[in-house]
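Residue numbers (full-length UniProt numbering): 1 to 356. Below is one structure, written out as structure tokens, with a few remarks after it.
Right under this line is the structure:
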């Protein structure tokens, strides 16, 4: 998914938030519309066996990552805001409720401002105020309904960074531009680390060690674009499987990134095309009207500091050279040039992005 976004700006997104928004469409789709969504989110076939495999996997995943334990608060909540003048098929409503814990909230869309306020209050409450005023009147007007997925995560590091070790330093962009950032540092501390010919990986654990922030640092200072182009889920999992405890010195930037996306082009590049067209088959949502997806959008924010990480996301549908250096017999992970990061739960990506 990240491959389909710009490579020259800092950004963050929640693939899991986007996927759950797609899944709520998937649950009411048929034919080619369903096949394309199936393929985009799971590479499964269009068979009913494939459909139920997708449904089962993401239903179980929702239970795994919606919890609060050991210094971690994580939640994903789905909601379908439905124009109260319309209705959905009973089987569709049951599927959303039982498989994805999705409530259908019937709202008066005639008062578009009030309807938008109801949806924005839901997003703000779920994300603990990190995301506000995402839905406007235009999104509500003349709509059958709209899906919202809101995702929130906050956690403390297993080993915090000492603020007294912070320092200002230079960060080098892919274009050779320089800017000053604040680096958090540890010296010769045991961390999980891996590398191959192109990239180093540093995995920073939270108090609940099933969660991790994994930083993928290209060895070439201008190599993020090439690394992204070749990035696959299989390569990410292969690198994470090679993590080993290593004594390492780390300077990494403090980060705060907030980004808005129009997801239509991203989804089309993923192969979801018919859902946006007049040929869309969403007849398992309703048979009274011909529906299609319009103007899907996504907003995500992440803050990484000395204590831990806070991240939130909401989706609605409508040259420099660096290598793994060893200084004085000690390895150094020097994140002073563009890198990619993936926040995971048991290696499942919850948030991902890049700092450039």
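Glycine is no exception: its CB is placed at the ideal position from the N, C-alpha and C atoms. The model shown is predicted, which means the values in this text are computed figures rather than measured ones.
Short of 6 Å from the beta carbon of residue 313, and not among the five residues preceding or following it, lie these beta carbons of its own chain, in chain order: 14, 17, 151, 300. For residue 6, the number of other beta carbons within 10 angstroms of its own is below 16, and it is reported as exposed.
Under DSSP, residue 11 forms a beta bridge with 354. Runs of the alpha helix (DSSP H) spanning 4 or more residues and lying entirely within the region 174 to 253 occur at 224 to 229, 233 to 241, in chain order. Judged by their CB atoms, residue 246 and residue 332 are not nearer to each other than the 8 Å cut-off. In the structure shown, residue 30 adopts coil according to DSSP, grouped into three states. Apart from sequence neighbours up to five positions away, the residues of its chain that approach residue 33 with a beta-carbon distance below 6 Å are 274, 275, 280, 281, ordered along the chain. Judged by beta-carbon spacing, residue 115 lies within the 8 Å limit of residue 108, meaning their Cβ atoms are closer than that value. The distance from the Cβ of residue 252 to that of residue 335 is about 4 Å, consistent with a contact at the 8 Å cut-off.
According to DSSP, residue pairing for residue 78 in a beta bridge involves 149. Collapsing the DSSP output to three states places residue 99 in a helix. Counting along the chain, residue 340 sits inside no alpha helix (DSSP H); it lies in the beta strand (DSSP E) bounded by residues 339 to 345. Per DSSP, residue 115 is not a residue of any beta strand (DSSP E); the alpha helix (DSSP H) it occupies stretches across 112 to 126. Look at residue 90 here: in three-state DSSP terms it is helix. Closest in alpha carbon position to residue 198, among 129, 91, 340, is 340. In this structure, the CA atom of residue 125 is about 16 Å from the CA atom of residue 147. DSSP places residue 24 in the helix class (H, G or I) of the three-state scheme.
A contact is defined here as three or more CB-CB pairs under 8 Å, and the region 90 to 104 meets this definition with respect to the region 58 to 68. In the structure shown, residue 276 falls within a helical segment according to DSSP collapsed to helix, strand and coil. For residue 168, the enclosing beta strand (DSSP E) covers residues 167 to 172.
A direct Cα-Cα distance of roughly 43 Å separates residue 240 from residue 138.
Rounded to the nearest whole angstrom, the CA to CA distance from residue 162 to residue 183 is 11 Å. The distance from the Cβ of residue 72 to that of residue 243 is about 20 Å, inconsistent with a contact at the 8 Å cut-off.
The beta carbon of residue 283 is closer than 7 Å to those of 30 in its chain, skipping five residues each way along the sequence.
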